[in-house]
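Numbering (our numbering), first residue to last: 11 to 459.
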Ligand SMILES: C[S@@+](CC[C@H](N)C(=O)[O-])C[C@H]1O[C@@H](n2cnc3c(N)ncnc32)[C@H](O)[C@@H]1O
Ligand code: SF4
């Protein structure tokens, strides 16, 4: 990609893990509406569960996740108690035991839970939901200070996929972001998980961190590939210090600029692809024989709050403070302050803070944006036909895309929009043209590159 073009299109754009995006959520969607939405789900519709654990031992200065640093265990224990009540509350609203196909524990660091509490949480989910025989049960893992007993608890609880945060293996980078993680620690966790039968392994890497270099990115990829993960994520550091004030501890002058970020990302991506991984969507890589690669080839890849997923399920139930759910009727988000979320659960009500109800136009645009973000290509007419409408309402989006064509950011052929491989990293900017709510620069998102 020509660097001048990158500069022109490096706008603040959403990541489109939902559409409408989070700034459209409002308090008009509340607990009683959520109850109605849950009770009207068809009984045979399989569900996905997302459980959020918003605690960590130490703060990584780059962190953009919803988490809190604690130096005592009691808040985690109290949180678990509320989570168990929430599981009962939601399962009671849903009625007869429902089948779940996908379970994901994220954070924060779910592995902050003690082994007996990992078992209790998983036990409660097994008790109130019926896990499909081939259900995927994924857990985000912070490998630091993690005992083998925790890994055993995860394996015995039925976890099938582990997603480990690594970010960067270089000591200077690790010190600058307050995350010291020797490679041997990561390797031990992966080896132990595999020996326990948890053999689907994802690794998170980041580019754009302080003091990172292109050479360092090569080393990150080479080092991580010795552990042979099935999938990797390569996240561009989203520097949003106005929202995440701890990011101010990262010295601005140590951060790579736009071109540096781009070079690092392309170096890492090139290294991964040279070793047989396929670049998927914005920031994922998977082996050729991986389920995610197969889903991509079949046009069945999806995007949700956890990023890219093979999960086609239309009903994702969020559990825990700040978690976001996605139902056929719309999106819902729990209260972020644990105290507010807990007060609702203790009063016997879902802890919903806000959400957004989908209309037909939202569903149509969501489908178009999802295909662009997954396939880098969308036949807008075909999507419109599937939604029982004609594509003419989307002419303004095409008008906005046309000036981008000569810059090589997209091609338009009739009603089909394609993002060329060299413009992959600008896919959010192309998708944004179909976002009805996006007022230019009115919302503060992270940079595209
Ligand atoms: C919840 S964490 C993963 C589990 C665990 N907490 C850990 O860090 O090892 C999710 C991932 O988000 C990514 N991440 C966190 N903050 C980010 C930011 N500001 N920009 C981009 N990616 C970020 C990191 O790659 C991190 O591994
Ligand atoms: S990156 Fe992971 S471990 Fe670090 S603070 Fe964020 S959630 Fe916690």
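From the three backbone atoms N, C-alpha and C, an ideal C-beta is built for every residue, glycine too.
First and last residue of the beta strand (DSSP E) that includes residue i?
i	result
residue 211	210 to 217
residue 5	This structure cannot speak to residue 5, because the chain is shown only from 11 to 459.
residue 150	139 to 151
residue 327	326 to 329
Exposed or buried, what is residue i when buried is set at 16 or more other beta-carbons lying within 10 Å of its beta-carbon?
i	result
residue 293	buried
residue 26	buried
residue 113	buried
residue 452	In this prediction, residue 452 scores a pLDDT of 46, lower than 50, which makes its location untrustworthy; no coordinate-derived value is stated.
residue 305	buried
residue 96	buried
residue 361	buried
residue 395	exposed
residue 299	exposed
Measuring straight from C-alpha to C-alpha, what distance separates residue i and residue j?
i	j	result
residue 261	residue 220	7 Å
residue 429	residue 370	25 Å
residue 440	residue 158	45 Å
residue 320	residue 301	7 Å
residue 136	residue 102	14 Å
residue 335	residue 151	21 Å
residue 148	residue 98	21 Å
residue 204	residue 141	22 Å
residue 206	residue 295	24 Å
residue 425	residue 405	9 Å
residue 255	residue 193	28 Å
residue 184	residue 178	7 Å
residue 31	residue 18	23 Å
residue 86	residue 233	33 Å
residue 229	residue 263	23 Å
residue 154	residue 423	50 Å
residue 444	residue 375	6 Å
residue 349	residue 121	22 Å
residue 94	residue 308	38 Å
residue 357	residue 42	13 Å
Taking 7 Å as the CB-CB cut-off, is residue i touching chain B?
i	result
residue 188	Absence of chain B from the displayed structure is noted, only one protein chain being present.
Are residue i and residue j close, meaning C-beta to C-beta below 7 Å?
i	j	result
residue 397	residue 28	no
residue 364	residue 35	yes
residue 242	residue 195	no
residue 118	residue 63	yes
residue 59	residue 110	yes
residue 339	residue 47	yes
Since residue i is in the alpha helix (DSSP H), which residue starts that stretch and which ends it?
i	result
residue 19	13 to 19
residue 295	No alpha helix (DSSP H) holds residue 295; the beta strand (DSSP E) holding it covers 294 to 297.
residue 229	224 to 235
residue 247	Taken as a continuous stretch (DSSP letters only), residue 247 belongs to no alpha helix (DSSP H), as it is neither H nor E.
Contact the region 57 to 77 vs the region 182 to 191: 3+ CB pairs below 8 Å
yes
With a threshold of 8 Å, are at least 3 pairs of Cβ atoms found where one atom belongs to the region 378 to 389 and the other to the region 303 to 316?
Yes, they touch.
contact_flag[the region 71 to 88, the region 153 to 167] where n(CB pairs < 8 Å) is 3 or more
no
Within 8 Å, do at least three Cβ pairs link the region 406 to 421 to the region 344 to 362?
no
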